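A.B. asks: I'd like to ask some things about the structure below.
Residue numbers (this note's numbering), protein chains in the order written: chain A, 38 to 251; chain B, 170 to 440.
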């Protein structure tokens with residue numbers, strides 16, 4: 038595509054896949070950097086480990102009736118402020134992962150400013166689990182995160198609640214978002230969820246992406 | 170990969186033997202995907218399942234083809250399959266881009282699903298960068314087709330009758346005239362990979378593509394879906410007596426999810 042000044046540039050495309058990516062020339066330094074990052078990510082990715090202490094044998098799936106997942110800093114902070122306390126909840130697990138955007142602390146005593154992914158269990162009812170995931174799970178790690186977390190649970194009769202936030206500016210509506218009263222709640226639910234939802238459902242054409250969607 | 174929808178009553182998984190699989194490539198202007206949206210919406214196709222895959226960016230929303238309050242709350246994800254047995258048509262819609270380095274894995278899994286489900290043929294809707302056309306391609310129709318050798322035998326004659334133009338091969342090294350000619354589909358996403366793999370695996374595949382640029386691609390989607398309709402006759406193109414033309418554009422139903430494609434309303438305080 039020619040620009041106003043006569044130079045030819047590759048136009049960015051919504052298509053998302055540029056076959057020229059494969060053929061793009063890299064300097065030796067670029068190649069080395071890319072290789073190191075991939076090695077670090079995929080070595081550590083083998084350690085996308087879920088360590089959960091369950092009452093019985095470590096091989097058995099966790100019995101879980103309710104699983105609440107808070108994704109992102111706002112949702113994690115909500116749980117820390119209003120739900121979690123050291124009297125009623127105990128830490129039972131952690132997911133360790135690494136990508137270029139964040140690191141998790143390997144300790145379970147984390148500060149609110151750290152990025153982490155911790156699992157808690159309600160002491161009075163050990164089938165109620167809670168997950169605070171404030172670290173960024175990259176798109177090529179999301180599937181593995183899900184498989185690890187849900188793979189270790191007995192899913193019969195399980196109810197999952199996912200809490201997350203999105204910027205108001207991303208909300209598509211007929212009026213301008215300037216006039217919208219925010220923050221506001223919207224929900225998506227599967228048809229198996231029969232209980233009353235506490236807020237309106239998310240209207241088309243709005244969508245949810247990334248880990249909450251996964 | 171393919172997970173059938175639970176329709177209740179223990180019904181068997183859908184049978185696609187002998188069906189035509191229609192699917193988009195995620196390509197420039199998302200024209201293939203928009204065209205597939207028009208097909209699903211107009212033919213009111215029923216969802217029969219989805220692809221469980223780690224190759225596409227996850228997304229979820231409510232029913233993009235909702236027509237009323239009652240049918241607006243069914244969840245919809247990034248790769249879903251719709252079917253219309255009366256026309257022996259099965260449609261795959263892809264709604265998000267590929268995760269980096271995962272597109273090859275997706276192509277392999279997709280083609281092996283095509284073979285195991287015994288689809289008769291695959292029709293891939295795609296697009297290519299308009300600015301990469303050569304001088305000859307700038308003239309005439311912006312629409313092109315490609316057929317794998319197995320499908321060429323079956324329908325090559327029909328393409329001649331329709332007076333369609335086959336996608337030209339280009340010189341591997343532009344500027345040097347006596348080099349080999351290769352297939353080049355810039356901006357076409359996985360189109361070329363799927364096509365070349367289908368050729369070598371004996372799958373009957375047709376590619377229908379349009380040259381276009383990023384922008385408002387709704388008109389491109391209509392042009393592409395009408396092109397498809399010339400061949401597959403999915404909807405009847407009525408002759409309009411007043412304007413004396415066959416223009417079936419108005420008969421394609423735009424899905425409700427196409428609202429607000431270019432952003433929200435403007436704040437009144439702006440004026």
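C-beta atoms are modelled at their ideal positions from N, C-alpha and C, and glycine is treated no differently.
As the structure is a computational prediction, the values presented were derived from the model and not from experiment.
#1: Any Cβ of chain B within less than 8 Å of the Cβ of residue 110(A)?
#2: Tell me the rounded alpha-carbon separation between residue 262(B) and residue 340(B).
#3: Whose Cβ in chain B lies nearer than 9 Å to the Cβ of residue 105(A)?
#4: Going along the chain, which residues of its own chain have a beta-carbon closer than 8 Å to the beta-carbon of residue 410(B), five neighbours each way excluded?
#5: With distances taken from CA atoms, which of 171(A), 208(A) and 155(A) is nearest residue 429(B)?
#6: Does residue 302(B) come out as helix, strand or coil in the three-state DSSP assignment?
#7: Considering only residues of the region 260-320 of chain B, which uninterrupted beta strand (DSSP E) runs meet the minimum length of 3 residues and lie entirely inside it, listed in chain order?
#8: Specify the secondary structure class of residue 334(B) as computed by DSSP and reduced to three states.
#9: When you compare each of 189(B), 174(B), 171(B) and 207(B) to residue 392(B) by their alpha carbons, which one comes out closest?
#10: Look up residue 252(B) in the DSSP assignment and say whether it is helix, strand or coil.
#11: To the nearest angstrom, how far is it from the Cα of residue 136(A) to the Cα of residue 174(A)?
#12: Throw me the rounded Cβ distance for the residue 434(B) and residue 213(A) pair, which I believe falls under 8 Å.
#13: Nearest to residue 179(A) by alpha carbon, out of 200(B), 226(B) and 184(B)?
#14: Flag residue 213(A) as yes if its beta-carbon sits less than 8 Å from any beta-carbon of chain B, otherwise no.
#15: Have a look at residue 275(B) and residue 224(B) and give me their C-alpha separation to the nearest angstrom.
#16: Closest to residue 368(B) by C-alpha separation, out of 291(B), 246(B) and 431(B), would be which residue?
#17: Which class does residue 360(B) belong to by DSSP, given the choice of helix, strand or coil?
#18: Within 10 Å of its beta-carbon, does residue 356(B) have 16 or more other beta-carbons around it, so buried, or fewer, so exposed?
#19: Where does residue 110(A) sit, in a helix, a strand or coil, going by DSSP?
#20: Could you give the distance in angstroms between the alpha-carbon of residue 214(B) and the alpha-carbon of residue 155(A)?
#21: Where residue 308(B) and residue 330(B) are concerned, what is the direct C-alpha to C-alpha distance, given to the nearest angstrom?
#22: Run through chain B and tell me which residues come within less than 7 Å of residue 179(A), C-beta to C-beta.
#23: Just list the beta strand (DSSP E) runs in the region 189-221 of chain B, keeping only unbroken ones of 3 residues or longer that don't cross its boundaries, in chain order.
#24: What residues in the region 235-263 of chain B have a beta carbon less than 9 Å from any beta carbon of chain A?
#25: Return helix, strand or coil for residue 402(B), following the three-state DSSP convention.
#26: The beta strand (DSSP E) with residue 142(B) in it runs from where to where?
#27: Comparing alpha-carbon positions, which option in 324(B), 335(B) and 286(B) lies nearest residue 187(B)?
#28: Distance, Cα to Cα, residue 201(B) vs residue 294(B)?
#29: Which word fits residue 171(B), buried or exposed, when buried means at least 16 other C-beta atoms lie within 10 angstroms of its C-beta?
#30: Please compile the residues from chain B whose C-beta is within a distance smaller than 8 Å of the C-beta of residue 245(A).
#31: If you draw a straight line from the C-alpha of residue 218(A) to the C-alpha of residue 239(A), how long is it?
#32: For residue 233(B) and chain A, any beta-carbon pair shorter than 8 Å?
#33: Against residue 202(A), what residues of chain B qualify as contacts under a CB-to-CB distance less than 8 Å, listed in chain order?
#34: Roughly how many angstroms separate the alpha carbons of residue 362(B) and residue 277(B), rounded to a whole number?
#35: Taking one C-beta from the region 97-111 of chain A and one from the region 180-192 of chain A each time, how about it: are there three or more such pairs within less than 8 Å?
#36: Residues of the region 266-295 of chain B with a CB closer than 8 Å to any CB of chain A: list them in chain order, please.
C.D. replies: On the basis of the supplied data:
#1: no
#2: 33 Å
#3: Chain B residues near residue 105(A): none, gap ~18 Å exceeds 9 Å.
#4: Because the pLDDT of residue 410(B) is 47, which lies under 50, any placement of that residue in the model is unreliable, and the number read from its coordinates should be weighed accordingly. Its chain contains no residue whose beta carbon lies nearer than 8 Å to that of residue 410(B) once the 5 sequence neighbours on both sides are disregarded.
#5: 208(A)
#6: coil
#7: 290-298 and 312-316
#8: coil
#9: 207(B)
#10: strand
#11: 8 Å
#12: The beta-carbon separation of residue 434(B) and residue 213(A), rounded to 5 Å, stays under the 8 Å limit for a contact.
#13: 226(B)
#14: yes
#15: 6 Å
#16: 291(B)
#17: helix
#18: So residue 356(B) ends up on the buried side.
#19: helix
#20: Pairing residue 214(B) with residue 155(A), the inter-Cα distance amounts to about 43 Å.
#21: 21 Å
#22: 227
#23: 189-193 and 215-220
#24: 235, 241, 242, 243, 244, 245, 246 and 247
#25: coil
#26: This structure does not reach residue 142(B), given that chain B is present from 170 up to 440, and the question cannot be answered.
#27: The shortest CA-to-CA distance from residue 187(B) to any of 324(B), 335(B) and 286(B) is the one to 286(B).
#28: 5 Å
#29: buried
#30: 228, 229 and 230
#31: 16 Å
#32: yes
#33: Within chain B, no C-beta atom comes nearer than 8 Å to that of residue 202(A); the closest sits roughly 16 Å away.
#34: Computed Cα separation, rounded: 10 Å.
#35: yes
#36: 266, 267, 268, 269, 270, 271 and 272
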